[in-house]
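First the structure, in the form of structure tokens, and then the observations on it.
Below you can see the structure in the form of structure tokens.
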């Protein structure tokens, strides 16, 4: 199971990198056509937007995996550790339930929009809307993995790495691991 999740995460990161690179190439090509060749493209903005949707939804799961999303430490510090752990488990479970709901709703939306065609490209909008169930399924898997590890009191590895501080010094980025009293 760990091998499958590891491979899935590598594919996910590769798709995000490919998507970002493709967006850069498409936008550069469009700028060249518009300003050098004086022949603007009709499809570049639409295709870039659709790739961006996929990059965002896949990147959101990467953010969950690396605990890179904004958290509110103020509320964590209000309660004792055992209550905080319960609240964290409850929040992760709530996120998992929301992901399941979004997968089901996203599937319905994808089928409902499958006959709609995009304006410039003429492709089925199902290719765009399917990002919702795919992305939220990946997020649901990640949240479920986090929840299981929390229940088993296992080390969350990259998850919840709250002790990582990033400092920018001149031309290099330094990542330091700090320890706290908790």
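Residue numbers (my numbering): 39 to 220. Ideal Cβ placement from N, Cα and C applies to all residues, glycine included. If you're wondering where the values come from, they're calculated on a predicted model, not measured in any experiment.
Quick one, are the C-beta atoms of residue i and residue j less than 8 Å apart?
i           : j           : result
residue 179 : residue 144 : no
residue 82  : residue 176 : no
residue 130 : residue 95  : no
residue 158 : residue 60  : no
residue 93  : residue 132 : no
residue 164 : residue 152 : yes
residue 111 : residue 47  : no
Under the three-state reduction of DSSP, which class applies to residue i: helix, strand or coil?
i           : result
residue 162 : strand
residue 192 : coil
residue 84  : helix
residue 106 : coil
residue 149 : helix
residue 168 : coil
residue 71  : helix
residue 39  : coil
residue 123 : helix
What's the gap between the Cα of residue i and the Cα of residue j?
i           : j           : result
residue 149 : residue 68  : 32 Å
residue 181 : residue 188 : 10 Å
residue 122 : residue 43  : 28 Å
residue 199 : residue 166 : With a pLDDT of 48 at residue 199, under the threshold of 50, the predicted position of this residue should be treated as unreliable, though the coordinate-derived value follows. Roughly 33 Å between the two C-alpha positions.
residue 115 : residue 41  : 36 Å
residue 146 : residue 97  : 23 Å
residue 84  : residue 107 : 28 Å
residue 87  : residue 72  : 18 Å
According to DSSP, residue i sits in a beta bridge with which residue or residues?
i           : result
residue 155 : 162
Say yes only if the C-beta of residue i is nearer than 7 Å to one or more non-hydrogen atoms of the ligand MG, and no if none qualify.
i          : result
residue 66 : Ligands displayed in this structure: none; no statement on the ligand MG is therefore possible.
Touching by the beta-carbon criterion (3+ pairs, under 8 Å), the stretch 42-56 and the stretch 116-133: Fewer than three pairs of CB atoms, one per stretch, sit closer than 8 Å, so the stretch 42-56 makes no contact with the stretch 116-133.
The stretch 132-139 contacting the stretch 62-78, beta-carbon criterion three pairs below 8 Å: As far as the Cβ criterion goes, the stretch 132-139 does not touch the stretch 62-78, which means the pair count is below three.
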